[in-house]
Amino acid sequence: MQSLKDEHKENISFTSVRPVNVKVREVTVEVEVRGKGKAGDLEAGGEGRKKCILDGISADFPSGSLCGIMGGSGSGKTTLLNIMAHRTHLVKDLSGSVSYNGSGSLASISHAYVTQMDLLLPTLTVRETLLYAASLRLTSNVSAAERLTLVEEIILELGLKECADTRVGDGASHGGCSGGERRRVSIGVQMLSNPSVLFCDEPTTGLDATSAYHVISTLKSLASKGRTIICTIHQPRHDIFYLFDNILLLSKGYPLFSGPTSEATDWFERLLPGSFSKHLNPADYLIMVAAVDTRSPEAKAATSARLASLAQAWKSESAVRFSEDKADDRSAITDIAPVARSASVFRQIRVLSSRSILTTWRDPMGLTACWSEAILMGVICGLVFLSLGRDLPGIRSRQASLYIACALQPYLILIYETWRLTGPDLAVFDRERGEGVIDVIPWIISRRLSHGILEDIIVPFMFSTIFWFMCGFDADALQFFKFFAAMLINQFIAVSAALFCAGISRDFSLATLVGNLGFTFLSFSSGFFIQPGDMPVYVGWIRWISYCFYTFGALMTNEFTGNYYDCPLGDAATNPNCLQYRGDFILESFTLTPGWYTVPMCALVGFVVFFTIASTSLLQFKKVDVHMAAVYKGKEDEAPALSKEKDKEPIIHSRSNSKLGIDLDLIDIKLTLKKLGIKGKWILRPILRGVNTQFQAGEVNVIMGPSGSGKSSLLNFLSSRLPVSSGYFVTSGTILVDGTKAEPEDLQGLCSLRDPGR
Numbered sequence: 001m002q003s004l005k006d007e008h009k010e011n012i013s014f015t016s017v018r019p020v021n022v023k024v025r026e027v028t029v030e031v032e033v034r035g036k037g038k039a040g041d042l043e044a045g046g047e048g049r050k051k052c053i054l055d056g057i058s059a060d061f062p063s064g065s066l067c068g069i070m071g072g073s074g075s076g077k078t079t080l081l082n083i084m085a086h087r088t089h090l091v092k093d094l095s096g097s098v099s100y101n102g103s104g105s106l107a108s109i110s111h112a113y114v115t116q117m118d119l120l121l122p123t124l125t126v127r128e129t130l131l132y133a134a135s136l137r138l139t140s141n142v143s144a145a146e147r148l149t150l151v152e153e154i155i156l157e158l159g160l161k162e163c164a165d166t167r168v169g170d171g172a173s174h175g176g177c178s179g180g181e182r183r184r185v186s187i188g189v190q191m192l193s194n195p196s197v198l199f200c201d202e203p204t205t206g207l208d209a210t211s212a213y214h215v216i217s218t219l220k221s222l223a224s225k226g227r228t229i230i231c232t233i234h235q236p237r238h239d240i241f242y243l244f245d246n247i248l249l250l251s252k253g254y255p256l257f258s259g260p261t262s263e264a265t266d267w268f269e270r271l272l273p274g275s276f277s278k279h280l281n282p283a284d285y286l287i288m289v290a291a292v293d294t295r296s297p298e299a300k301a302a303t304s305a306r307l308a309s310l311a312q313a314w315k316s317e318s319a320v321r322f323s324e325d326k327a328d329d330r331s332a333i334t335d336i337a338p339v340a341r342s343a344s345v346f347r348q349i350r351v352l353s354s355r356s357i358l359t360t361w362r363d364p365m366g367l368t369a370c371w372s373e374a375i376l377m378g379v380i381c382g383l384v385f386l387s388l389g390r391d392l393p394g395i396r397s398r399q400a401s402l403y404i405a406c407a408l409q410p411y412l413i414l415i416y417e418t419w420r421l422t423g424p425d426l427a428v429f430d431r432e433r434g435e436g437v438i439d440v441i442p443w444i445i446s447r448r449l450s451h452g453i454l455e456d457i458i459v460p461f462m463f464s465t466i467f468w469f470m471c472g473f474d475a476d477a478l479q480f481f482k483f484f485a486a487m488l489i490n491q492f493i494a495v496s497a498a499l500f501c502a503g504i505s506r507d508f509s510l511a512t513l514v515g516n517l518g519f520t521f522l523s524f525s526s527g528f529f530i531q532p533g534d535m536p537v538y539v540g541w542i543r544w545i546s547y548c549f550y551t552f553g554a555l556m557t558n559e560f561t562g563n564y565y566d567c568p569l570g571d572a573a574t575n576p577n578c579l580q581y582r583g584d585f586i587l588e589s590f591t592l593t594p595g596w597y598t599v600p601m602c603a604l605v606g607f608v609v610f611f612t613i614a615s616t617s618l619l620q621f622k623k624v625d626v627h628m629a630a631v632y633k634g635k636e637d638e639a640p641a642l643s644k645e646k647d648k649e650p651i652i653h654s655r656s657n658s659k660l661g662i663d664l665d666l667i668d669i670k671l672t673l674k675k676l677g678i679k680g681k682w683i684l685r686p687i688l689r690g691v692n693t694q695f696q697a698g699e700v701n702v703i704m705g706p707s708g709s710g711k712s713s714l715l716n717f718l719s720s721r722l723p724v725s726s727g728y729f730v731t732s733g734t735i736l737v738d739g740t741k742a743e744p745e746d747l748q749g750l751c752s753l754r755d756p757g758r
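The sequence shown runs contiguously to residue 758 in the UniProt record's numbering.
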């Protein structure tokens with residue numbers, strides 16, 4: 001390992017790539033709007049029925065170059081990048097062409113896409129994340145040693161050596177990587193496939209200035225080896241800006257410039273003489289030129305007119321620069337499948353199963369929560385139905401306990417599994433499947449194999465054991481294992497139904513709505529609330545499509561078939577006055593046949609098969625598309641916020657006359673995270689080390705520092721919003737509010753905190 005570090009020379013030992021030239025010609029995208037824009041306004045689309053979010057975009061992205069797509073928020077950067085990467089399956093009003101070495105097929109080249117959000121598994125370390133990704137992406141002729149070498153070089157190249165054995169984390173708790181480190185891990189995952197074309201959506205998001213420069217420098221180095229790297233970027237600093245070979249500038253979907261970076265400022269200086277100063281950051285200047293000033297109606301009208309003039313000037317220039325192959329039908333935009341995957345089905349199952357077992361074992365809300373739920377539910381239900389009698393009230397309670405077992409326990413698993421799936425699990429699946437790395441069936445098989453070992457068998461067994469013996473059911477091994485078998489199949493029904501719900505929607509609220517509606521609909525027809533024979537004929541058929549009915553029927557049959565209870569009038573088996581104490585009579589009153597166990601168990605297996613096939617079909621055929629640019633009502637485009645700004649003016653003036661704010665002084669603020677280690681010893685991790693500063697009222701106060709320096713931790717500490725973690729925080733120091741000592745809790749009602757993740 002040490003020799004690898006010594007021999008590393010800022011270059012990743014990738015094999016050579018096939019150079020690819022990307023050409024975009026007259027790409028236009030229109031979407032329906034919900035209101036009308038201002039007539040003649042640059043943002044408005046015709047009569048207001050449609051809005052053009054990309055209008056006639058033409059650009060060249062040659063091989064061996066690092067290209068940037070710049071523009072303000074809502075300018076269409078990500079939309080254009082997604083079109084070039086063929087990630088907009090749901091776009092209908094799309095025209096123009098994108099070619100890759102003259103072909104419109106993206107599948108003909110090796111490519112990768114770095115999303116703006118870091119879709120990673122939080123419980124894996126950085127090295128493990130890259131190793132698992134390498135196992136799925138690299139061809140089978142690459143040995144394990146070669147994969148490890150490549151991963152280590154990427155770790156060094158991206159500056160991840162210090163956190164290589166740190167869990168990725170999700171930003172919600174301490175102990176994981178910082179936001180900048182997670183971003184570099186996302187880029188490293190895509191670098192593993194050695195792509196000819198690399199699409200990066202805001203690759204510097206969440207990075208400090210130094211890390212951002214390092215990442216873009218790495219991309220520049222990769223581009224120099226023949227790759228085409230296309231990035232969207234909002235407003236890079238001066239030295240990052242000049243690392244780009246070509247720039248495409250967008251404003252409200254209109255192209256304003258596309259060409260070499262060195263020519264950008266000269267182009268606008270010719271159109272707007274005297275607008276550029278050498279003391280300005282060129283990127284700041286370009287964003288300023290492309291922006292609409294909405295501070296007043298007059299300013300908005302002036303800047304909109306200026307942008308219309310700039311857009312028209314570039315349209316004329318673009319017709320000359322990109323006149324060749326303007327209408328090449330071969331390169332028309334089509335919906336192309338991802339490139340062929342490297343891993344076989346069996347390799348996918350093996351790698352995904354190993355990864356899933358590791359993440360499940362480490363997830364504090366995974367394995368521990370499932371086992372705890374089974375134990376607690378078993379104990380609680382066992383206490384409610386503790387030592388059931390064999391008299392008439394005991395018989396009624398046995399029926400209720402069996403319904404609770406077949407309905408409530410699987411319901412909790414259904415909701416919990418839906419919550420887990422709509423988190424990082426399906427997000428990572430969608431990313432990897434969209435990249436052509438994995439298939440649906442291997443992913444489902446690996447999930448069931450890994451969870452089956454750790455959860456799907458153990459959880460129902462724990463619940464069944466505790467519940468059965470606390471309730472006082474017969475100590476008969478055959479009866480117990482029949483009960484456990486029904487609960488086991490119910491567990492598989494719950495998790496497969498949860499996958500079906502999450503397949504319908506990745507949003508937890510909508511997915512659980514589907515699950516709750518289905519469960520409520522089916523549980524009412526289980527035969528417990530109203531006996532099947534008493535159901536109206538027009539709803540009686542529902543029980544035949546209800547897994548709750550079959551489970552309840554199997555459990556009832558298992559308990560009451562051939563069983564006799566304590567009749568106070570004599571022997572229940574022979575006394576005709578003790579019918580209601582005979583198990584077979586009880587079953588017949590529920591319209592159940594004694595010994596009716598095999599049929600409902602087979603039906604339950606059928607439900608598992610049905611939900612598995614249905615969820616597989618949803619994941620296979622329902623495409624999860626990236627979001628297009630947001631479209632707002634036209635009236636909102638007319639800057640209604642102007643009136644709000646005017647309303648604020650008296651408050652602003654009053655602040656100049658009287659002080660409304662407070663000064664905040666921090667004296668020797670220390671923050672330490674104390675966690676209990678695996679060996680039972682407390683581990684101390686310093687977060688803040690003696691911070692001394694003053695935040696003055698009436699001024700903009702900035703907390704700066706690289707990723708992981710404690711910026712967000714200091715803000716969270718001051719607002720009493722430190723995240724909940726597996727340990728606890730130890731704090732010290734003094735906070736002065738206008739010279740008066742205060743606690744962080746005292747500031748909670750005086751401040752607000754904007755969460756960047758919302």
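We put the beta carbon where it would ideally sit given N, CA and C, even for glycine.
Keep in mind the model is a prediction, meaning the values are calculated, not measured.
Next on the checklist: Nearest by alpha-carbon distance to L160: which of M288, T149, V605 and C177 is it?
Outcome noted: Selected option, being the one with the closest Cα: C177.
Checklist entry - Based on Cα-Cα distance, which residue from V609, R506 and A497 lies nearest to N516? => result Nearest C-alpha to N516: A497.
Item to check | Nearest-angstrom beta carbon gap, G102 and G226 [assumed within contact, 8 Å] | outcome: Not a contact, Cβ separation roughly 17 Å.
Checklist entry - By a C-beta neighbour count over all protein chains shown, 10 Å radius and 16 as the cutoff for buried, is R321 buried or exposed? => result Its Cβ having fewer than 16 others within 10 Å, R321 is exposed.
Checklist entry - For F560, does the count of other Cβ atoms within 10 angstroms reach 16, so buried, or fall short, so exposed? => result buried
Item to check | Under 8 Å between C-beta atoms of K51 and E26 | outcome: no
Next on the checklist: My output table needs one value for A752: the three-state DSSP class, helix, strand or coil.
Outcome noted: The residue asked about is misnamed: residue 752 is Ser in this sequence, not Ala. Coil at S752, not helix or strand.
Checklist entry - Should L604 and I493 be called a contact, given that it needs their Cβ atoms to be closer than 8 Å? => result A contact, by the Cβ cut-off of 8 Å.
Item to check | Euclidean distance between Cα positions of S277 and A742 | outcome: 47 Å
Checklist entry - Is H234 helix, strand or coil when you go by DSSP? => result coil
Checklist entry - Where in the region 98–141 do unbroken runs of the alpha helix (DSSP H), each at least 4 residues long, occur, reported from the N-terminal end onward? => result Correct list: 126–137.
Next on the checklist: To the nearest angstrom, how far is the alpha carbon of G72 from that of A145?
Outcome noted: 45 Å
Checklist entry - For K622, does the count of other Cβ atoms within 10 angstroms reach 16, so buried, or fall short, so exposed? => result The residue in question, K622, is exposed, as its Cβ has fewer than 16 Cβ neighbours within 10 Å.
Checklist entry - What's the C-alpha gap between Y550 and P600? => result 5 Å
Checklist entry - Would you call the region 535–553 and the region 520–527 touching, i.e. three or more CB-CB distances under 8 Å? => result yes
Item to check | Collapsed DSSP secondary structure at R433 in the structure displayed | outcome: Annotated three-state conformation of R433 is helix, per DSSP.
Checklist entry - Going straight from the alpha carbon of A212 to that of T205, what length do you get? => result 8 Å
Item to check | Rounded straight-line distance, which links the Cα of L130 to that of T598 | outcome: 48 Å
Checklist entry - In or out: I154 buried (at least 16 other Cβ within 10 Å) or exposed? => result buried
Checklist entry - By a C-beta neighbour count over all protein chains shown, 10 Å radius and 16 as the cutoff for buried, is K674 buried or exposed? => result exposed
Checklist entry - Is L243 near the ligand ADP, judged by its Cβ being under 7 Å from some heavy atom? => result With respect to the ligand ADP, the structure offers nothing, as it holds no ligand at all.
Item to check | S304 to D293 span [Cα, whole Å] | outcome: Straight-line Cα distance between these residues: approximately 8 Å.
Checklist entry - Nearest-angstrom Cα distance between R347 and A85? => result 27 Å
Checklist entry - Does DSSP put V608 in a helix, in a strand, or in coil? => result helix
Next on the checklist: Within 10 Å of its beta-carbon, does D746 have 16 or more other beta-carbons around it, so buried, or fewer, so exposed?
Outcome noted: With fewer than 16 other Cβ atoms inside 10 Å of its own Cβ, D746 counts as exposed.
Next on the checklist: Alpha carbons only, please: which of G436, G188, F461 and L426 is nearest the one belonging to I444?
Outcome noted: L426
Checklist entry - Between which two residues does the alpha helix (DSSP H) harbouring C471 extend? => result I458 to C471
Next on the checklist: Please identify the residue among E162, L158 and R506 whose C-alpha is closest to the C-alpha of S186.
Outcome noted: For S186, the closest alpha carbon among the candidates E162, L158 and R506 is that of L158.
Checklist entry - Just reading off the beta strand (DSSP E) that S732 is part of, what are its end residues? => result Y728 to V737
Next on the checklist: Below 8 Å, how does it come out for the region 376–391 and the region 465–476: are there three or more Cβ pairs, yes or no?
Outcome noted: Contact check between the region 376–391 and the region 465–476: three or more CB pairs, one atom from each, fall below 8 Å, which counts as touching.
Item to check | Burial state of M556, where buried means 16 or more other Cβ atoms lie within 10 Å | outcome: If you draw a 10 Å sphere on the C-beta of M556, you find 16 or more other C-beta atoms in it, and that means buried.
Checklist entry - In whole angstroms, what is the alpha-carbon distance linking E636 and V624? => result Any answer about E636 is weak, because its pLDDT of 37 lies below 50 and its placement is not dependable; what the coordinates show is given next. Distance between the alpha carbons of E636 and V624: 29 Å.
Item to check | Under the three-state DSSP convention, the category V514 falls into | outcome: helix
Checklist entry - What are the start and end residues of the alpha helix (DSSP H) that includes P297? => result P297 to R321
Item to check | Residue burial classification, M704 (beta-carbon count within 10 angstroms, cutoff 16) | outcome: Exposed, since its Cβ has fewer than 16 Cβ neighbours within 10 Å.
Next on the checklist: Quick check: M288 and W371, are their CB atoms within less than 8 Å of each other?
Outcome noted: no
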